[in-house]
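Sequential numbering from 90 applies to the sequence shown in the numbering used here. C-beta: ideal position from N, C-alpha, C; glycine also. Keep in mind that this is a model prediction, so the values were computed, not measured. Below: one structure, written as structure tokens.
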Amino acid sequence: MWTRQYRRKRWKGLILPVLTGLCLVYFSHHTVQGDYGTDAYVQHQEHLDTLRTELAALSARHAELEKRAVQLQDGTISRDMLDEMARRQLGVIGPNELIIRP
């Protein structure tokens, strides 16, 4: 009888450390690999950097288009802009011609 009680106590003593270890492994794994883990954080940062680069390019393009719109609204169109618009709309740009804008 004494051995039966001793074995029961021995297993009871191992249950808590085993469960604690399993919980530790589970949470450690999800800290790295989970939806909000460190790997996901790195991927989100890379995506954010890509979006910031794209935003900078689009902002520059927006400023350029805004500048052209102001030039068109002034009523005074430069010769180069008039020539460029006419060639583009009429389709008379040759294959060897380049339009160089400042």
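Within a Cβ cutoff of 8 Å, which residues of the same chain sit near residue i, ignoring the five residues on either side of it in sequence?
| i | result |
| --- | --- |
| Q160 | I166, S167, M170 |
| T127 | T120, V121 |
Select from the options the residue whose C-alpha is nearest the C-alpha of residue i.
| i | options | result |
| --- | --- | --- |
| A158 | M174, L140, A145, E143 | M174 |
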